[in-house]
Amino acid sequence: MFSAFYVLGGWALASVALASGQDWWLIPFILGFPLIAPFAATGLYEVSRRIEAGEALDTARILRVVFEQRQRQIPSMAMVILLLFMFWVFVAHTVFALFMGVSALTNITSSPEVLFQGRGLVMLVLGTIIGGGFAAVLFTFTVVGLPLLMDREVDFITAIITSCRAVAENPGVMAAWAALIAVWLFLAILPGFLGLLIVLPVLGHASWHVYRRVMGD
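Below, the structure written as structure tokens:
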């Protein structure tokens, strides 16, 4: 159910871009969409917590717990995620314009070959590197930070610091986990975001157990 909202969000962003004739926005939206995946997983963390604790998977109670997060620190973390996503879109748009110029902004859906020739290819490589940097920062902030906010009464700054320390103390494991998340999310987005219906619950459940293992619980 939570992953379905995420899929609908992807469709909405793509539809707005296409309907407005700004189809070149599809590139930063699609490449940056995984940046907000951690926030979409908050409901899945509660499901995983209940499974681990042997509690009933009551949909109404799960939704109530998620809804009650608005009075805690999750909204503050959501703002951090949203700001990073918006900044990524701005940077990606700038890189696109610098390399491709105004002429290439006509219709990349009908002329996708412009992305794989000369400057277009360089732009994709550079954009991927920059996007990877944004993803690394967000992963560092949220891999432990978000499930910690769902699990305990801490402020979002403490959650971010704790998450950064966890990544610094386990660089190899965290890098491998981040790479795995990136690959699976990318593959899940390819079939029109539909793959997220399967991938998000799996990653959300696995992320909860990574958090529990790192925190020594």
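Residue numbers (the working numbering): 79 to 295. For glycine and all other residues, C-beta sits at the position ideal for the given N, C-alpha and C. Quick caveat, the model's predicted, so the values are computed rather than measured.
Looking from the CA of VAL158, the closest CA among TYR123, ARG197, THR218 belongs to THR218. Here the segment 156-176 does not lie against the segment 255-263, with fewer than 3 beta-carbon pairs under 8 Å apart.
THR120 sits away from ILE140, with the two beta carbons spaced by 8 Å or more. Between the alpha carbons of ALA156 and PHE177 lies a gap of roughly 32 Å.
SER126 has its alpha-carbon roughly 11 Å from the corresponding atom of ALA134. Taking a 10 Å sphere around the C-beta of VAL277, we find 16 or more other C-beta atoms and assign the residue as buried. Closest in alpha carbon position to VAL221, among GLU130, VAL288, GLY273, VAL94, is VAL288. Scanning the segment 195-279 for uninterrupted alpha helix (DSSP H) segments of 4 residues or longer gives 197-220, 223-229, 234-247, 249-267, listed from N- to C-terminal end. Taking 8 Å as the cut-off, the beta carbon of GLY209 is found no closer than this to the beta carbon of ALA256. Note on PHE271: 16 or more other CB atoms within 10 angstroms of its CB, so buried under the neighbour-count rule.
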